[in-house]
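Notes for the one structure printed next.
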Amino acid sequence: MQNFFARLSTQRLMTAVLFVLIFALAMRIPVDTDTWWHLRSGAYILAQHSIPLTDPFSFTRLGLPWIDHSWGSQIVLYGIYSLFGGHGQPGDNGNIGLALYTALLATGGMVFVFLMCPGNVYLRAFIVAWAAAAAAVFWSARPQMMSFFLGTVVLYVVFLYKWRKVDRLWLLIPIMILWVNLHAGFFIGFLILAGTIAGELLGRLFDADNPDVLSWSQIRKLALMTALAFAALVINPNTVQMWTYSFRTIGIGVLQQYIQEWASPDIHGRETWPFVFMLLGLIAAVGLGSKRIEWTDLVLTCGWGFLALYAGRNISSFAVVAAPVL
Numbered sequence: 025m026q027n028f029f030a031r032l033s034t035q036r037l038m039t040a041v042l043f044v045l046i047f048a049l050a051m052r053i054p055v056d057t058d059t060w061w062h063l064r065s066g067a068y069i070l071a072q073h074s075i076p077l078t079d080p081f082s083f084t085r086l087g088l089p090w091i092d093h094s095w096g097s098q099i100v101l102y103g104i105y106s107l108f109g110g111h112g113q114p115g116d117n118g119n120i121g122l123a124l125y126t127a128l129l130a131t132g133g134m135v136f137v138f139l140m141c142p143g144n145v146y147l148r149a150f151i152v153a154w155a156a157a158a159a160a161v162f163w164s165a166r167p168q169m170m171s172f173f174l175g176t177v178v179l180y181v182v183f184l185y186k187w188r189k190v191d192r193l194w195l196l197i198p199i200m201i202l203w204v205n206l207h208a209g210f211f212i213g214f215l216i217l218a219g220t221i222a223g224e225l226l227g228r229l230f231d232a233d234n235p236d237v238l239s240w241s242q243i244r245k246l247a248l249m250t251a252l253a254f255a256a257l258v259i260n261p262n263t264v265q266m267w268t269y270s271f272r273t274i275g276i277g278v279l280q281q282y283i284q285e286w287a288s289p290d291i292h293g294r295e296t297w298p299f300v301f302m303l304l305g306l307i308a309a310v311g312l313g314s315k316r317i318e319w320t321d322l323v324l325t326c327g328w329g330f331l332a333l334y335a336g337r338n339i340s341s342f343a344v345v346a347a348p349v350l
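First residue of the sequence shown: 25, per our numbering; consecutive thereafter.
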């Protein structure tokens, strides 16, 4: 009995150390220039008591239509910035609040990744730390941190449904209503859901005897809840425009040409090596493992692997998806 409690204490200590380290990794001074216009937008919304539908800031597009897809996150960012004494000056105490914002969302997301990882606590801690190192390249005090966190929540809901036989799919609707008002990265959630549906359909067609594959009725329910969650996206100030907003953003060619995070990752930079090694480690694990990879895991890791190679900003989502599989 004493040995049992000793092992339990060691596991808890190991888990605590892991998340303290991840919190410290994510606790960084904001240096991204996008942070400051998000803060200005949040201040404007609170001062005007309204969400702008036209551009109130720039000279060339003043008064023209503007979809401020991050308005909710901007209020949160400005609120926590002001709470810690931020007043728009470089190096003021508001930066502490912005660093906490980043660290809390990053750590919270990695908690869900940890919960999805099988194996003993040491293996789980190693894989989650590895995934955090890969994802941390694009952690910053911006609305996209909301998408990082909520992406892990959606993946966890899917994990419960498939692997634990716990149905919490109804949560997808309020999650997406919240997400569409925080950041346009809500499409990450739908890519996870679509990849899961596609993987389960392949599993049902080619591996029907596998007890882990969802039944036809379970797949139909997942597809139905995904469709309802997509329909719920209209509950935002820009209504139906948000259905296609992500596609329109991806179609802006200048993003890939001039913005680093939209370009393919440069593997000459050591900051991308955790991602590269994770991709290679996943290939090695699939080749050497005694268990064949699930169809859904294959679709999600291959899909997000491609997206991460296409645009570096997708590395964090790849790390979240790949960690439990690895």
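Here a beta-carbon is modelled for each residue, glycine too, at the ideal position from N, C-alpha and C.
Q: Report all residues from its chain with a CB closer than 6 Å to the CB of Ser65; omit the five preceding and five following residues, and keep chain order.
A: Taken in chain order, the residues that qualify are Gln98.
Q) For the putative contact between Ala50 and Ala160, defined by C-beta atoms under 8 Å, what is the C-beta separation to the nearest angstrom? A) 7 Å
(Q) Does the region 330-347 come into contact with the region 308-320, if we say contact requires no fewer than three beta-carbon pairs (one atom in each stretch) closer than 8 Å? (A) no
**Q.** For Val204 and Gly219, the rounded distance between their alpha carbons
**A.** 20 Å
Q: Report the residue ranges of all alpha helix (DSSP H) runs contained in full by the region 113-195; include only those spanning at least 4 residues, in chain order.
A: 118-140, 145-159 and 168-187
Q) Using the C-alpha atoms, what's the distance from Ile151 back to Ala48? A) Here the C-alpha atom of Ala48 lies approximately 17 Å from the C-alpha atom of Ile151.
Q) Opposite Thr78 in the DSSP bridges: which residues? A) Pro89
Q: Please classify Leu238: does DSSP put it in a helix, a strand, or coil?
A: coil
Q | DSSP state of Phe29 mapped onto helix, strand, coil | A | Any reading at Phe29 needs caution, since the residue's pLDDT is 49, under 50, leaving its predicted position unreliable; the model's value is listed next. Three-state result, Phe29: helix.
Q. Once you ignore the five residues that flank Ala332 on each side, which residues in its own chain have a CB closer than 6 Å to its CB?
A. The residues are Asn338, Ile339 and Phe342.
Q. If you check the beta carbons only, do Leu129 and Ile104 fall under 8 Å apart?
A. no
**Q.** Distance, Val55 Cα to Asn117 Cα
**A.** Just so you know, the alpha carbons of Asn117 and Val55 end up roughly 14 Å apart.
**Q.** Close-in-space but distant-in-sequence residues of the same chain around Phe172 (CB under 6 Å, 5 per side omitted)
**A.** Gly133 and Ser340
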